[in-house]
Structure formats: C-alpha cells, structure tokens
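Residue numbers (mature numbering (1 follows the signal peptide of the UniProt record, and there is no 0)): -22 to -1, 1 to 446. By construction, the Cβ of each residue, glycine as well, lies at the ideal position given by its N, Cα and C atoms. Predicted model only: the values in this text are computed from it and were never measured.
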Amino acid sequence: MRSRHFLTFLAAGFATPMAAQANRPGALAEFVGTYRYHGEGTLTLAAGDSLLYAVIDEAKYALRPVGRDRFVNGPGDTIPFRRDASGTVDGFTEGGRFFARLSREVDAATVQLMQPRPRGATYAYRPPAGMGDGIAVGGLADAGLDQSVARAIVDGVVGGRFADLHGVLVYRGGKLVLEEYFYGYHAGRPHAMRSATKSVVSALVGIAIDRGALAGVEERILPRLPYAAYANPHPAKAALTLADLLTHRTGLACDDWDGGSPGNENRVYASDDWVKFFLDLPVAAERGTTARYCSAGVLTAGRLVERATGEALPAFAQHALFAPLGIRAGDVRWNFGLTADNAGSYAQLHLRPRDMLKLGILFRQEGVWRGRRVISREWVRRSTAQHSRVGDQGYGYLWWHQYQNVPTARGNQRVEMVVATGNGGQKIFLVPALDLVAVFTGGAYNADNTPPNAVMRQILLPALLRAP
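Structure representation (structure tokens):
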C-alpha cells in the first residue's frame, strides 16, 4: 500500500531524491514525454527547474544527470537513454530492458506537478467554503489562530521549504478553518492515501466485529481462508489471530523495511496471490512479540473482512463506512484485487482530502458522525490505543502513536498524536489535547521525513500552544 519499490525508479523506500543542475540549459526538454513502462503501464518524464522527474501514478521521482544521455535515480542506479538516427531521444534502458518513448506529450496534470502554484501568484487567506458535506467551516480566528499561520504554510510550500505538499486541512473547535491546495490538486480530486489506507482497513475490521461478522481480534484467521495447506508449515501459523495482523506481530518473515525480507512488499506484489504468499512465509519470530512492519498482513486482514461479510472490501466500505459519512461512491477509487495484476495500485485507497478529514473527525468523535454511530466507541478507543511498537514508535491497530517536541517560549513541549500515515506525506493527525484534526496530502515519496511533520512541528503546533 506504500509504493512499488521493485521498479527501479521507485526503489529504496527511504531514499531521499537527489538534486543537481542539468548539464546545460534546455537539455532536460529533450527527454520529456510519455514512455512505455512495465506491464502495460506508462510513465511520464517532465522537466523541473533543474531536475528531470519520472512521474508514475501522480508520484514524481527525481533523476540527476551524470553525463550525456545518462541519469541517476535516488537509489543510485544509472538510467541510460537512447537516440535514433536523427539524434532524437527514443527511449531508455532499465535493468537490461528497453522502454520506448511513445510521444513527446506531457498531460496538464503532470505539468502542474512541477510547481506548487502559478508564478507570481499572490496569496490572501480565505476561510474554507461551505460545501454542504457535513463539515462545518469557519475562519482561523474561530480556532484561536491568526492569518500568519496560513501565510507561513503557503509561503513555505511555494518557496520550497515544504516541497511537494499537495493539500493541508486544519479542523479545530468543530470547524474546518484552513484548506489549501497546491500542484494542481483541489478539493474535488481524490488523492492516493498509500499506507494511510491501513487505518481505513482497521476501521472496517472494527465495523465487521461490531456487526458480528468477525468474532473479535482474538479470532484465529486460518479457518476463514480457503487454502488447504501452506508452505513452511509451523504450529504457530494455526494460532495466528486478527490482533497479530493489526499489530504487525505475526512472527512471519515479513518486513517491508528490510529489502532482503522474504515477505517484503515488493515480493508480495509480484506474486499471483498476495494472501497465500504471505501465509506461505516461514516463521521467523514468536507470534505476538516483535513487531515488523508488514503490508501483506494488513491485506490479509482486509481479505478476512471480505470472507466474513461475503462482500468485496470496497463494497463493504461504501455502505458500512463511507456512505454514512456522506462519501459518494464516485469520489472513491479502490481496487482491492490481491494479485500481481494489481501490483501497480498496491491495493491502496484514493479519497478526496475532505473525505479523509471526515474519517479523522469520526475518530475524534469516538465513532459518531452527525449524531449517528458508525463505529463503536469501544473499537475507536481500542484501535487507537497502543498495543505494540514498530521501530521506535508506538502502534495501535493500524494507527501510529507519534509525538512532536514543539519549541515554545518555555522550552520544548511534547505533543502526543495518533496518526494515519502513508508514503509521500499522506496524514490524518488526531491531537486530542489540542482539539485538532489535521489532514495532509503530498508527493514527497520515499523521503526520510515529509513536509507535514515539519509543518506541524514548526508552524501549526507552536501556534496552537500559544492559542487561548
């Protein structure tokens, strides 16, 4: 649900894109266009001010020129380009395979990804518009903030300090008080959620339990599945529970943060049956102990909801979660096919930013939306409570526990948060102590740190700690 790292352009989940000047003015324009890519896919190459970018599914990855017709991507792989007899670039080679240039055309959405807003545009704060979608709106003053907060965020994005931040929404005191978009995005455009999808899967597991379709988090998972046998048989597999999946503590050899792990997501996505591939993995640790971040386990949890409810996960989500929040089916993109044919989507969910905000508000209000209970209070509290640690961070049932040390006049102040998070800067921050729900979307893929964290720590949280 994060990114397809087995493709060279997207490789190295934590590699920071490299920046450098082009060899000569205008050189990057020679490579711009649409190219054939893996499977039946395509990628677009677009030129920024000083970098060439590979754009795949609205995500852009920097390429650094290192010589004539040669570029290096973030992980350090060399990508050579070829020219035809007339001297025109006609394709590139990656991993020994040639990918032809199909055209010199670049669509408007890709062009917009190259700059946050039109050059020379001036900014003036405006309160978010009421859209009749159940989200109350107001001005920054309603949240105890002034317009300097909005200007600092917008100036930071436009000036490159918070590069590739696509959207920011701030909800406090029961009102949406800030809503800004960049790089061609807008309120009506669904955005890839990447691994923030995991928190939605958690909500759907909770609803299935609330409705009695699943017995509870201690339910053993294998009896729900259709497979007769598994590779690498081990008694611990029969004991696997939903809770193990939701806390990344299955003990199977699955670790997305380790490129050599047998269950790394890259290997999962290339398989014909992602759930079977996961359950065929060898046991590497005692179940219920050490947590290892494993997307395949979350996909398996989604499949269990399907088996329990008799519905495809997106269909169940639409009537059980999205429709009660006023989220229309036409505004949702979600292909939950768990086979190699769907490797390009990683089974991730696409939602509009305001619909992501609705999910945050729902959890802030302990499962109630506009007076109607959608998820039980028990599940909201249980799923957002800490049950394990993944790396150096606390983890609930597919929700992260994070904190920020925020500089104040009295020194650093620790602010606790519950967060749905996805590669590139997809965030739903729940900050109960400050009555805050903040949503960010972004395109800083495979970066060590992402702009939303910096905006929260440097601008938004300090302002709220000063607010009355």
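Taking Tyr101 as the centre and dropping the five residues before and after it, the same chain places the C-beta of Arg129, Val132 closer than 7 Å to its C-beta, in chain order. Here DSSP, grouped into helix, strand and coil, assigns Ala221 to helix.
Residue range 273 to 287 is occupied by the alpha helix (DSSP H) that includes Arg281, with no beta strand (DSSP E) assigned at that position. Per DSSP, reduced to three states, the secondary structure at Glu243 is helical.
In the three-state DSSP reduction, Ile113 falls in the coil class, being neither helix nor strand. Scanning the stretch 155 to 218 for uninterrupted alpha helix (DSSP H) segments of 4 residues or longer gives 175 to 188, 213 to 216, listed from N- to C-terminal end. The C-beta distance from Glu243 to Asp234 rounds to 5 Å, short enough to meet the 8 Å contact threshold.
The beta carbon of Val50 is closer than 6 Å to those of Arg42, Val44, Thr56 in its chain, skipping five residues each way along the sequence. Judged by DSSP secondary structure, Gly229 falls outside any beta strand (DSSP E); it is assigned neither H nor E.
DSSP places His365 in the coil class of the three-state scheme, outside both helix and strand.
With a 10 Å radius around the Cβ and a threshold of 16 neighbouring Cβ atoms, Glu196 comes out exposed.
Nearest to Leu337 by alpha-carbon distance, out of Gly69, Ser273, Ala422, Leu147, is Leu147. The stretch 123 to 151 contains, as complete beta strand (DSSP E) runs of 3+ residues, the segments 143 to 150 (chain order).
For Phe255, there is no enclosing beta strand (DSSP E); the residue is found in the alpha helix (DSSP H) stretching over 252 to 257. In the three-state reduction of the DSSP assignment, Asn431 falls in the helix class, which pools H, G and I. As far as DSSP is concerned, Phe300 takes part in no beta bridge.
With contacts defined as CB atoms closer than 7 Å, Arg79 and Asp68 qualify as a contacting pair.
Boundaries cannot be given for Ala5, as no alpha helix (DSSP H) includes it and DSSP labels it neither H nor E.
Between the alpha carbons of Val433 and Leu29 lies a distance of about 25 Å.
Contiguous beta strand (DSSP E) elements confined to the stretch 61 to 108 occur at 67 to 72, 75 to 81, taking only those with 3 or more residues.
In the displayed model, Arg388 falls within coil according to three-state DSSP, outside both helix and strand. In this structure, Ser173 sits away from Ser361, with a CB-CB distance that is not shorter than 7 Å. Taking one beta carbon from each stretch, the stretch 149 to 163 and the stretch 109 to 128 have 3 or more pairs nearer than 8 Å; the two touch. Taking the Cα positions, Asp413 is about 17 Å away from Arg348. In this model, Phe59 and Ile113 are separated by some 50 Å (Cα to Cα).
Distance from the CA atom of Asp222 to the CA atom of Ser64, rounded to whole angstroms, is 59 Å. A direct Cα-Cα distance of roughly 31 Å separates Gly241 from Gly190. Judged by DSSP in its simplified three-state form, Ile34 adopts strand. Spatial neighbours of Asn390 in its own chain (CB-CB distance under 6 Å, excluding positions within 5 residues in sequence) are listed in chain order as Asn383. With fewer than three CB-CB distances shorter than 8 Å, the stretch 194 to 209 does not count as touching the stretch 341 to 355. Assigned with DSSP and collapsed to three states, Trp357 falls in helix. Each of Gln364, Asp27, Leu203, Ala422 was checked against the Cα of Leu6, and the nearest Cα belongs to Asp27. When DSSP states are grouped into helix, strand and coil, Ala40 belongs to the strand group.
When the five nearest sequence neighbours on each side are left out, the beta carbons in the same chain lying within less than 6 Å of the beta carbon of Leu303 are those of Lys336, Trp347, in order along the chain. The beta carbons of Tyr381 and Glu394 sit closer together than 7 Å. For Asp333 and Pro211, the gap between their C-alpha atoms comes out near 42 Å.
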